[in-house]
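Data block below; observations after.
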Amino acid sequence: MTATTDLINAVEIYFDGIHECNTEKLSAVFHPASSLFDADNGTVFAEPIDSFVKDVGTRTSPASVGQARDAEILMIDYLSPISATVKIRIRAHKNVFVDHLGFVKGDAGWQIVSKIWHLESVVDGVADPNAV
């Protein structure tokens with residue numbers, strides 16, 4: 020396999036992990052020291068990967084309510100043969116997110132070391148079973 024194929028396979032694991040709320044897949048693709056960030060509410064929000072994975076594990080997955088997986092790679096930018104940034108768009112229920120995923124390739128293969136996410140849009144007329 021090529022570096023690009025291996026990296027795309029890691030992104031696909033991420034897509035499946037989010038779509039299925041599968042904590043094993045997410046734990047495999049995220050480096051244990053990674054964190055997630057956003058600033059959609061005007062302040063920087065940071066979350067360690069352990070907290071994120073636990074949260075995802077409590078959610079109703081888009082797959083379980085029959086939503087087709089809606090995710091795409093928008094861009095891959097290699098910083099070196101073993102580091103890259105991948106820009107993706109993914110939908111979970113009514114929310115459409117754009118993420119920048121920082122990947123490094125180590126002993127465990129390509130893993131996400133950082134995620135910056137942004138809520139790009141909300142699909143009208145779609146229920147979110149996770150909304151409080």
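In terms of my numbering, the numbers along the sequence shown are unbroken and rise by one, the last being 151.
Cβ coordinates follow ideal geometry from the N, Cα and C atoms, glycine included.
Residue i to residue j, Cα distance in whole Å?
i              : j                 : result
tyrosine 97    : phenylalanine 34  : 20 Å
glycine 36     : leucine 138       : 18 Å
aspartate 89   : isoleucine 107    : 11 Å
isoleucine 135 : leucine 120       : 7 Å
valine 132     : phenylalanine 122 : 6 Å
alanine 47     : glycine 144       : 34 Å
isoleucine 101 : alanine 29        : 13 Å
lysine 124     : alanine 150       : 35 Å
With distances taken from CA atoms, which of the options is nearest residue i?
i             : options                      : result
valine 141    : Val84, Lys113, Gly85         : Lys113
aspartate 118 : Ile95, Cys40, Lys124         : Ile95
leucine 45    : Asp59, Phe56, Asp74          : Asp74
proline 148   : Thr77, Ala103, Phe64, Trp129 : Thr77
glutamine 130 : Phe116, Val105, Ala146       : Val105
alanine 146   : Ala58, Asp25, Lys124, Thr79  : Thr79
Count the other CB atoms within 10 Å of the CB of residue i; is the residue buried (16 or more) or exposed (fewer)?
i           : result
serine 70   : exposed
alanine 127 : exposed
serine 83   : exposed
proline 81  : buried
serine 99   : exposed
alanine 111 : buried
Where does residue i sit, in a helix, a strand or coil, going by DSSP?
i              : result
glycine 36     : helix
asparagine 114 : strand
glycine 79     : According to the sequence as given, residue 79 is threonine; it is not glycine. Looking at threonine 79 - three-state DSSP - the assignment turns out to be coil, as it is neither helix nor strand.
isoleucine 68  : helix
threonine 62   : coil
aspartate 25   : helix
Could you give the C-beta distance for residue i and residue j, rounded to a whole number, given that I count them as a contact under 8 Å?
i                : j                : result
isoleucine 68    : proline 51       : 7 Å
isoleucine 27    : isoleucine 109   : With 8 Å as the limit, isoleucine 27 and isoleucine 109 do not qualify as a contact, their Cβ atoms being about 14 Å apart.
phenylalanine 56 : phenylalanine 64 : 7 Å
glutamate 39     : serine 54        : Contact doesn't hold; Cβ gap of about 22 Å is too wide.
valine 72        : threonine 24     : Rounded, the Cβ-Cβ distance is 26 Å, inconsistent with contact.
With hydrogens ignored, establish whether the beta-carbon of residue i is closer than 7 Å to any heavy atom of the ligand GDP.
i         : result
lysine 73 : Ligands in the displayed structure: none, and consequently the ligand GDP is not present.
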